[in-house]
């Protein structure tokens, strides 16, 4: 089959880095690149030519890019608030969409995204790479096998010290700065909630019902603004609306609860804190640990450090059979193509679904349900943690839609 003709819009850090990943899949040629900054366009053109020997057409106007035609699939890596609008424009022009993650600015745009897909039926995928990571898929396979029993609660976080990135927004032309200046919400929910939603069969036999969000005070960024590490001294003393830590609790139709945490404004190590709790055990990503009642004495230790010391890393050493083949057979080269391999796996699944005409692993209903958390959390925080109803973007179809994992899992 001929290669797809791919376009890429948004050529900052994420969009630029994944040019190589897209080309490495050998499923697509990058024929067009777009960014509002001409220097980024030129750098991307040079990168694509260096890798493939072919120079893509460059644009600084997205509308001009899609009106010209000749693009089969568009990877959207622009600023958060442009994602959905660009995805809608692409679908209306018959261009398949691979849309990067981020939160929605309001609920209405989530509905517009869903309705555009339902009207056009143009393929759409939310590129939530964490759904394809090793530990998340291993945990999903354990859940599907029944090893964890009935899942009761899941937790996740976006724990990532982004103080220098946020304060460097003007210097590096990064959109996070304005969002942190003026909004107070769970602004990046999908890394946490995406893999959890897949485990809980959200939109496929289960759905998200409601959420409550509360935010701490905002102190970390202002404090950092006085530091020698602040890349933009003009922002010294600036007050930010964004709370340093935002906690959100979500209820599900199946009775499960989900807790997610945004934690980007204080000194910390990187972690998504992915945790699955079931009636027979738990999965804990931070310790790379599987803790099953059938194999351990739950009262063995009273010091958490002793438990972690004994079982840390056993997910890798003892439960590798639960990894899907794409992780068992991953090459060193594929690991280099973004976040240890999950970016490459994600793009391979996107192009596979596109070529075979099958359902996308992370579809438009997933995108709407996960992204709307940002807008709803903003309302909840502003109202002192008041509950917010999460819309059913499937229009009731969640009751009968069949279960579907993002990738084929082993049956152990």
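Numbering (full-length UniProt numbering), first residue to last: 1 to 412. We put the beta carbon where it would ideally sit given N, CA and C, even for glycine.
In chain order, what residues of the same chain lie with their CB nearer than 7 Å to the CB of residue i, ignoring the 5 residues before and after it?
{"i": "residue 351", "result": "4, 25, 27, 28"}
{"i": "residue 45", "result": "33, 55, 56, 58"}
{"i": "residue 346", "result": "127, 129, 132"}
{"i": "residue 295", "result": "none"}
{"i": "residue 62", "result": "9, 34, 86"}
{"i": "residue 166", "result": "176, 177, 180, 221"}
{"i": "residue 110", "result": "104, 368, 371, 372, 393"}
{"i": "residue 301", "result": "307"}
Excluding the five sequence neighbours on either side, which residues of its own chain have a C-beta within less than 6 Å of the C-beta of residue i, listed in chain order?
{"i": "residue 162", "result": "264"}
{"i": "residue 258", "result": "154, 196, 250"}
{"i": "residue 105", "result": "81"}
{"i": "residue 128", "result": "101, 190, 194, 362"}
{"i": "residue 413", "result": "Summary: the structure shown does not reach residue 413, with the chain confined to residues 1 through 412, and so no result is reported for it."}
{"i": "residue 375", "result": "104, 106, 107"}
{"i": "residue 389", "result": "210"}
{"i": "residue 47", "result": "19"}
{"i": "residue 285", "result": "135, 274"}
{"i": "residue 293", "result": "280, 281"}
{"i": "residue 266", "result": "220, 244"}
{"i": "residue 348", "result": "25"}
{"i": "residue 330", "result": "341"}
I'd like to check one pair, residue j with residue i: are the Cβ atoms closer than 7 Å?
{"i": "residue 370", "j": "residue 190", "result": "yes"}
{"i": "residue 340", "j": "residue 151", "result": "no"}
{"i": "residue 199", "j": "residue 143", "result": "yes"}
{"i": "residue 168", "j": "residue 77", "result": "no"}
{"i": "residue 102", "j": "residue 83", "result": "yes"}
{"i": "residue 268", "j": "residue 159", "result": "yes"}
{"i": "residue 343", "j": "residue 315", "result": "no"}
{"i": "residue 99", "j": "residue 126", "result": "yes"}
{"i": "residue 186", "j": "residue 262", "result": "yes"}
{"i": "residue 393", "j": "residue 368", "result": "yes"}
{"i": "residue 281", "j": "residue 148", "result": "yes"}
{"i": "residue 260", "j": "residue 356", "result": "no"}
Give me the DSSP bridge partner(s) of residue i.
{"i": "residue 302", "result": "Answer by DSSP bridge pairing: none, since residue 302 is not bridged."}
{"i": "residue 206", "result": "202"}
{"i": "residue 388", "result": "211"}
{"i": "residue 154", "result": "258, 276"}
{"i": "residue 268", "result": "According to DSSP, residue 268 bridges with nothing at all."}
{"i": "residue 59", "result": "34"}
{"i": "residue 86", "result": "Residue 86 pairs with nothing; no bridge assigned."}
{"i": "residue 73", "result": "6, 96"}
{"i": "residue 125", "result": "98"}
{"i": "residue 249", "result": "212, 259"}
{"i": "residue 283", "result": "276, 290"}
{"i": "residue 159", "result": "263, 271"}
{"i": "residue 28", "result": "4"}
Going by beta carbon distance, what residues of the same chain come within less than 8 Å of residue i, once the five residues before and after it are set aside?
{"i": "residue 410", "result": "141, 321, 322, 323, 324, 325"}
{"i": "residue 184", "result": "215, 218, 241, 242, 243, 246, 378, 381, 382"}
{"i": "residue 408", "result": "324, 325"}
{"i": "residue 462", "result": "The question about residue 462 has no answer, for the chain in this structure spans 1 to 412."}
{"i": "residue 134", "result": "323, 327, 340, 341, 342"}
{"i": "residue 238", "result": "181, 221, 222, 225"}
{"i": "residue 42", "result": "58"}
{"i": "residue 175", "result": "79, 80, 81, 169"}
{"i": "residue 60", "result": "34, 35, 36, 37, 38, 41"}
Rounded C-beta distance between residue i and residue j? I'm assuming under 8 Å.
{"i": "residue 157", "j": "residue 271", "result": "6 Å"}
{"i": "residue 7", "j": "residue 40", "result": "With a Cβ gap of about 15 Å, residue 7 and residue 40 do not count as contacting."}
{"i": "residue 253", "j": "residue 209", "result": "6 Å"}
{"i": "residue 275", "j": "residue 373", "result": "No, residue 275 and residue 373 are not in contact; Cβ-Cβ is about 18 Å, not under 8 Å."}
{"i": "residue 291", "j": "residue 311", "result": "6 Å"}
{"i": "residue 205", "j": "residue 398", "result": "7 Å"}
{"i": "residue 37", "j": "residue 173", "result": "7 Å"}
{"i": "residue 17", "j": "residue 338", "result": "7 Å"}
{"i": "residue 213", "j": "residue 385", "result": "7 Å"}
With respect to 6 Å, is the separation between the Cβ of residue i and the closest non-hydrogen atom of the ligand ADP below this value?
{"i": "residue 56", "result": "This structure simply doesn't include the ligand ADP, nor any ligand for that matter."}
Legend entry - Contact the segment 206-225 vs the segment 234-249: 3+ CB pairs below 8 Å: Segment contact: the segment 206-225 against the segment 234-249, three or more CB-CB distances shorter than 8 Å; contact assigned.
Inset, instruction - Check whether the segment 39-52 touches the segment 9-26, counting contact only when three or more Cβ pairs, one atom from each stretch, lie closer than 8 Å. - result: In short, these stretches touch, since the Cβ pair count reaches three.
Inset, instruction - Flag this pair as touching only if the segment 177-184 and the segment 358-366 have three or more C-beta atom pairs under 8 Å; answer yes or no. - result: Judged by Cβ distances under 8 Å, the segment 177-184 makes no contact with the segment 358-366, as fewer than three pairs qualify.
Legend entry - Validate contact between the segment 29-36 and the segment 63-74 using beta carbons, cut 8 Å, 3 pairs: Because the criterion of three Cβ pairs below 8 Å is met, the segment 29-36 and the segment 63-74 touch.
Legend entry - Validate contact between the segment 227-239 and the segment 398-406 using beta carbons, cut 8 Å, 3 pairs: In this structure the segment 227-239 does not lie against the segment 398-406, because fewer than three pairs of beta carbons, one per stretch, are closer than 8 Å.
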